[in-house]
Amino acid sequence: MKLISRGSVIGAASVIALALTSCSAAGTTPDAGGADGAKPTVAFVAAQMTATYFQVMQCGAEAAADKYGVDLDWQGDANWDLQTQTPLINAAVQGSPAGLVLVPTDPVGLIETVENIAGDGIPVITVDGSLDEPVEMQNIRTDNLSAGALAADALAAAIGEKGTVLVIASFPGVAANAERVDGFAERMAEAYPNVTVLPTEYSEADQAKASQKAAAAITNPDLVGIYTTLAPASAGASAAIQAANKSGVVKLVAYDADPSQVADLKAGIYDALVAQDPYGLGYDSVERIAKIVDGSLDPASLEYQEYVTAFIIDRDNVDSDEAQRYIYVPTC
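Under mature numbering (1 follows the signal peptide of the UniProt record, and there is no 0), read the sequence shown as residues -25 to -1, 1 to 307, first letter to last.
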């Protein structure tokens, strides 16, 4: 996969670095620990706060905050919704944080907001999701194209490399989720000619809607597999398969690795899980903001795009030490 080079987005990092320098000269740097000894604050605005995935991400963020001596202002909405996330971002920025980590819920709708925040001298790192323009300092997320390909390999193996399968995604137009679909579809097309991939269905990150989509698809006698690209869709598809008494008949490969999903994997409901690294995303992003604040990291030295690799958990490796590293267990 071709990464976006630092040279192609150096302007964004340079603007942030220049703004930080200018604010420092004027005595208006975002709180980096004043004379009163107060710790600098890193604001972190997530989404879908009820999801285990983001609870694990919070654990990573808190661990980094503790290690690097910053206060963490962690907040987010229960839903994946631009309209409810935007006020949370605005409120976090009003507190003059030393930096902001953001899980963007809209790749277009948040561009201007993030650009303005960065222009005010607050370094911004986006994680998990992404923006359609590189206006933030860095984006860190799963290599979703390759993860989608891994999911295709796993589902193809489960169905004997033939039959009809369905993909249930989140929203059309969300780049990270689209890559999960594209990587899957491209791998199926190039490696498994006897597998038919139906048009993608969208759940709007809603478990009930995903369950409805899956239940309707299961009525197709040719359907042998489902691939879901996010946890709510995974839970919805799992529920529909069980309600139709199709466990083990309709194979299910799904994003994320909540403990309940791992239990269902062992029980034969899932055939493989695409596990990400939410702890690492939370930890690395806060660590980098903290190091920029204390002057030990030059923001211009960062590559704009950084990908982390997904890991496939199946019944053969689920009890291995390596798989345990990727199961989403909030431990903080």
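C-beta atoms are modelled at their ideal positions from N, C-alpha and C, and glycine is treated no differently.
Computed from a prediction, not measured in an experiment: that's the story for all the values here.
Taking a cut-off of 8 angstroms for Cβ pairs, the region 119 to 129 and the region 190 to 200 do not touch, as fewer than three such pairs fall below it.
For leucine 130, the enclosing alpha helix (DSSP H) begins and ends at 119 to 133. Residue pairing from DSSP leaves valine 89 without any beta-bridge partner. Residues of the same chain with a CB within less than 8 angstroms of the CB of phenylalanine 29, apart from the 5 flanking positions on each side, are Ala21, Ala22, Gln23, Gly51, Val78, Pro253 in chain order. Under the 8 angstroms Cβ criterion, the region 213 to 225 does not count as touching the region 267 to 275, having fewer than three qualifying pairs. When secondary structure is reduced to three states using DSSP, isoleucine 201 falls in the strand class. In this chain, the alpha helix (DSSP H) harbouring tyrosine 254 covers 253 to 268. In this structure, the alpha-carbon of tyrosine 245 lies about 11 angstroms from that of aspartate 231. Counting the other CB atoms within 10 Å of its CB gives asparagine 114 a total of 16 or more, which places it among the buried residues.
Between aspartate 118 and threonine 284 the beta-carbon gap is near 6 angstroms, inside 8 angstroms, which marks them as a contact. A straight line joining the alpha-carbon of alanine 208 with that of leucine 248 spans about 13 angstroms. Lysine 42 carries a helical assignment under DSSP once its states are collapsed to helix, strand and coil. Excluding sequence positions up to five before and after isoleucine 100, its CB lies within less than 8 angstroms of the CB of Gly74, Leu75, Val76, Leu77, Glu111, Met112, Gln113, Asn114, Ile115, Ser260, Arg263, Ile264, all in the same chain and listed in chain order. With a threshold of 16 other beta carbon atoms within 10 Å, alanine 166 falls short and is exposed. Straight across, the Cα-Cα distance linking alanine 38 with serine 71 is about 22 angstroms. With respect to alanine 180, tryptophan 49 sits apart: the two C-beta atoms are not nearer than 8 angstroms. Rounded to the nearest angstrom, the gap between the Cα atoms of isoleucine 287 and leucine 120 is 14 angstroms. The alpha carbon of glutamine 236 has as its nearest neighbour, out of Tyr258, Gly255, Ala218, Gly211, the alpha carbon of Gly211.
Glutamate 179 sits in coil when the DSSP states are folded into three classes, being neither helix nor strand. In this structure, the CA atom of lysine 137 is about 12 angstroms from the CA atom of alanine 164. Relative to the Cα of alanine 18, the nearest Cα in the group Pro98, Thr27, Ser178 belongs to Pro98. Burial check for proline 15: the Cβ neighbour count within 10 Å reaches 16 or more, so the residue is buried. Ranking Ala26, Ala36, Ala13 by CA distance to the CA of glycine 255 puts Ala36 first.
Setting aside the 5 residues that flank it on each side, proline 147 is surrounded in the same chain by Tyr177, each with a C-beta closer than 7 angstroms to its C-beta; the list follows chain order. Spatial neighbours of glycine 200 in its own chain (CB-CB distance under 6 angstroms, excluding positions within 5 residues in sequence) are listed in chain order as Leu130, Ile134, Val140, Lys226.
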